[in-house]
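Protein chains in written order, with the working numbering: chain A, 1 to 152; chain B, 1001 to 1286. All C-beta atoms, glycine included, are put in the ideal place defined by N, C-alpha and C. To start, the structure under review is shown below, and the notes come after it.
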Amino acid sequence: MTTEAGGSKAPAAWEPKIVAFICNWCTYTGADLAGTSRMKYPPNVRVIKIPCTGRFDPLFMLKAFERGADGVLVSGCHPGDCHYTAGNYNARRKFTVWRKLLDFAGIDLDRVRFSWISAAEGGKWVETVRNFTEAIRAKGPFREYGEMIDVR
Amino acid sequence: MSDRTAGIRAIAGKWLQEGTVEAVLGWEQGTYRDKTAPVLVRKAEEVDRLVFNERCTNNLMTYLKRDPVRSLSTVGIVAKGCDIKALIGLIQESQVPREKVKILAVTCPGVRNADGKRPVKCAACDVNTPVFYDEIVGEKIASNPDRAARFRDVEALEAMTPEERHRFWREQFDKCIRCYACRQACPLCICSRCIAEKNQPQWIETSAHPRGNFAWNLIRAYHLAGRCIECEACETACPADIPLMLLNRYMAKVVEQSFGYEAGRDPQAQPPLRTFKLDDDNSFIL
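In structure tokens form, the structure reads like this:
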């Protein structure tokens, strides 16, 4: 895959690249809790904070894949816990439709994960990231999308 | 001259004479025998330009979003049952006030595509006699819809493996030249500034490259989920023959199965992606 800048070093071994779009109020705080509690989890996840899962736009996911993500995680407050009352309920319908569309377009749904993680669930965050990273590691780089990136 | 054409001219003329509407949007005979073209009739003397025949395939509701029509205070619109579904969508989404539009419905035995064949929408049609209108012309026609026709091609694709499907769509989307004819023809693609034209940041690459083509075609279908009324205008307009209706119909199927909703039926209904239920499917979320 990519080499370190300078090109003199040996190519780094492939590591899964995971982009996580997580809501400010629950999952982000949960991830923060994991950090302050000194829990360890794989550094493969790149966190992008969004105000609410309701802010999630499928284009975020496509852009992440276009830029070389091997997996995308979207996470927010549990149903009933949304800071904006119903953002996650609205998001859930969008996820349902978008996920199906990805599947219809032949995108491997194992590359995409959705979860509800509360501010108190630092442990669940660690577990979710760990499981997802290992699942993506087992699958290898996202070739279908990679091809699209490289075709000129 | 058919009875329907005569009926349309009579009512359009009356509306324009009385000043009920500022203009009437309809079809006129095109340059070629087997084509019709959209026409905006502003004077009662000009109603003889209006025609109706099985080549009136275009969905005229797409013109409601264009400035010359948008700036009118009232407009009459000649419409088949399927076209009216699009108007119902626009009313639901507050894009067109109901009072602004006078619907001149016409019963329709089915239209033909450029190749002379009947489109799938006609096989599945259950509104040969429209149900939502101000005035109606033409003999009533009982519908005999083959509802399964809508999803026949979709199901064939669903039966493939994800890899096969991916290959299929890669081939299809590679043909896309990014002319956005699908968007322009669509009566429900209503944004005055489309996401595809945003460049700060640029979410969808504008060149006809697999990456941008994939994003554009998926997002177009996603933005129409629960809204598309299956008029086939996008697919008819596509110069690259991309089977866009496969995506649209699949979305319609997902929405029907997941939320029990069909687009273009009830102007009072809440569009499915604008609302939610507490017990919506949660099984795919960890």
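For the beta strand (DSSP E) containing residue i, name the first residue and the last one.
i: residue 1047 (chain B); result: Per DSSP, residue 1047 (chain B) belongs to no beta strand (DSSP E) and is neither H nor E.
i: residue 1081 (chain B); result: From DSSP, residue 1081 (chain B) is part of no beta strand (DSSP E) but of the alpha helix (DSSP H) over 1081-1092.
i: residue 1135 (chain B); result: 1135-1137
i: residue 1036 (chain B); result: 1036-1041
i: residue 1131 (chain B); result: It is not in any beta strand (DSSP E) - residue 1131 (chain B) carries neither H nor E in the DSSP assignment.
i: residue 74 (chain A); result: 71-76
i: residue 48 (chain A); result: 45-50
Give me the chain A residues within the contact set of residue i, using Cβ-Cβ distance strictly less than 8 Å, ordered along the chain.
i: residue 1255 (chain B); result: 97
i: residue 1222 (chain B); result: 58, 97, 98, 101
i: residue 1271 (chain B); result: By Cβ distance, chain A contributes nothing, its closest Cβ being about 10 Å from residue 1271 (chain B), past 8 Å.
i: residue 1219 (chain B); result: 58, 59, 62
Tell me the DSSP secondary structure of residue i in three-state form.
i: residue 1283 (chain B); result: coil
i: residue 1252 (chain B); result: helix
i: residue 1198 (chain B); result: coil
i: residue 1021 (chain B); result: coil
i: residue 114 (chain A); result: strand
i: residue 1156 (chain B); result: helix
i: residue 2 (chain A); result: Since pLDDT at residue 2 (chain A) reaches only 49, below the 50 mark, its modelled position is unreliable, and no value is offered.
i: residue 21 (chain A); result: strand
i: residue 1095 (chain B); result: coil
i: residue 1105 (chain B); result: strand
i: residue 1076 (chain B); result: strand
i: residue 1110 (chain B); result: coil
i: residue 151 (chain A); result: For residue 151 (chain A), the predicted model reports a pLDDT of 47, less than 50, meaning its position is unreliable; a value from the coordinates is still stated below. It is coil, neither helix nor strand.
i: residue 92 (chain A); result: helix
i: residue 125 (chain A); result: helix
i: residue 1264 (chain B); result: coil
i: residue 1257 (chain B); result: helix
i: residue 1028 (chain B); result: strand
i: residue 161 (chain A); result: The requested residue 161 (chain A) is not part of the displayed model; chain A covers only 1 to 152.
i: residue 1122 (chain B); result: helix
i: residue 14 (chain A); result: coil
i: residue 38 (chain A); result: coil
Could you name the residues of chain B that residue i contacts, counting a contact when the two beta carbons are closer than 8 Å?
i: residue 128 (chain A); result: 1286
i: residue 156 (chain A); result: Because chain A in this structure spans residues 1 to 152, residue 156 (chain A) falls outside the shown range and cannot be described.
i: residue 15 (chain A); result: Those do not exist, as residue 15 (chain A) stays about 22 Å from chain B at its closest Cβ, beyond 8 Å.
i: residue 79 (chain A); result: 1278, 1282
To the nearest whole angstrom, what separates the beta carbons of residue i and residue j, a pair I think is in contact under 8 Å?
i: residue 1060 (chain B); j: residue 1025 (chain B); result: 5 Å
i: residue 1012 (chain B); j: residue 1042 (chain B); result: Actually they do not touch by this definition, with Cβ atoms about 11 Å apart.
i: residue 1214 (chain B); j: residue 1173 (chain B); result: 5 Å
i: residue 1101 (chain B); j: residue 1075 (chain B); result: 6 Å
i: residue 1088 (chain B); j: residue 1264 (chain B); result: 5 Å
i: residue 1062 (chain B); j: residue 1233 (chain B); result: 7 Å
i: residue 106 (chain A); j: residue 1163 (chain B); result: 6 Å
i: residue 1180 (chain B); j: residue 1196 (chain B); result: 7 Å
i: residue 1138 (chain B); j: residue 1007 (chain B); result: 6 Å
i: residue 27 (chain A); j: residue 76 (chain A); result: 6 Å
For a contact defined as C-beta to C-beta under 9 Å, what are the partners of residue i on chain B?
i: residue 123 (chain A); result: Those do not exist, as residue 123 (chain A) stays about 13 Å from chain B at its closest Cβ, beyond 9 Å.
i: residue 87 (chain A); result: Ordered by position in chain B, no residue passes the 9 Å Cβ test against residue 87 (chain A), which lies about 10 Å from the chain.
i: residue 40 (chain A); result: Residues of chain B passing the Cβ test: none, with the nearest at roughly 20 Å.
From what residue to what residue does the alpha helix (DSSP H) around residue i run?
i: residue 1163 (chain B); result: 1162-1174
i: residue 1017 (chain B); result: 1003-1018
i: residue 107 (chain A); result: No alpha helix (DSSP H) contains residue 107 (chain A), which DSSP labels as neither H nor E.
i: residue 65 (chain A); result: 58-66
i: residue 1183 (chain B); result: 1181-1185
i: residue 1219 (chain B); result: 1210-1223
i: residue 1146 (chain B); result: Premise fails: residue 1146 (chain B) is in no alpha helix (DSSP H) and is neither H nor E.
Using the beta-carbon of each residue, which ones in chain B are nearer than 7 Å to residue i?
i: residue 90 (chain A); result: 1276
i: residue 50 (chain A); result: By Cβ distance, chain B contributes nothing, its closest Cβ being about 15 Å from residue 50 (chain A), past 7 Å.
i: residue 134 (chain A); result: Those within 7 Å of residue 134 (chain A) in chain B number zero; the least Cβ separation is about 14 Å.
i: residue 116 (chain A); result: 1285
i: residue 113 (chain A); result: 1286
i: residue 43 (chain A); result: Within chain B, no residue comes near residue 43 (chain A); the closest Cβ sits about 21 Å away, beyond 7 Å.
i: residue 63 (chain A); result: 1203
i: residue 108 (chain A); result: 1162
Using a Cβ cut-off of 7 Å, pull out every chain A residue sitting near residue i, in sequence order please.
i: residue 1214 (chain B); result: 148
i: residue 1225 (chain B); result: 97
i: residue 1180 (chain B); result: Near residue 1180 (chain B) there are no residues of chain A at all, since even the closest Cβ is about 17 Å away, more than 7 Å.
i: residue 1207 (chain B); result: The contacting residues do not exist; residue 1207 (chain B) stays about 10 Å from chain A at best.
i: residue 1281 (chain B); result: 96
i: residue 1258 (chain B); result: 96
Mind pulling the chain A residues with CB within less than 9 Å of residue i?
i: residue 1251 (chain B); result: 97, 100, 101, 104
i: residue 1145 (chain B); result: Simply none; closest approach about 24 Å.
Legend entry - the segment 1193-1212 of chain B touching the segment 1237-1244 of chain B, judged by at least three CB pairs closer than 8 Å: no
Legend entry - Three CB pairs or more closer than 8 Å across the segment 27-43 of chain A and the segment 79-94 of chain A: no
Inset, instruction - Assess, as a yes-or-no matter, whether the segment 13-29 of chain A is touched by the segment 131-143 of chain A under the definition of 3 or more beta carbon pairs within less than 8 Å. - result: yes
Inset, instruction - Say whether the segment 86-104 of chain A touches the segment 49-59 of chain A, bearing in mind that this needs 3 or more beta-carbon pairs closer than 8 Å, one atom from each stretch. - result: yes
Inset, instruction - Decide if the segment 1111-1130 of chain B is in contact with the segment 1210-1226 of chain B; the criterion is three or more beta carbon pairs, one per stretch, under 8 Å apart. - result: no
Inset, instruction - Indicate whether the contact test is met: 3 or more Cβ pairs, each with one atom in the segment 17-26 of chain A and one in the segment 127-134 of chain A, closer than 8 Å. - result: yes
Legend entry - the segment 1216-1231 of chain B / the segment 58-67 of chain A touching (three or more Cβ pairs under 8 Å): yes
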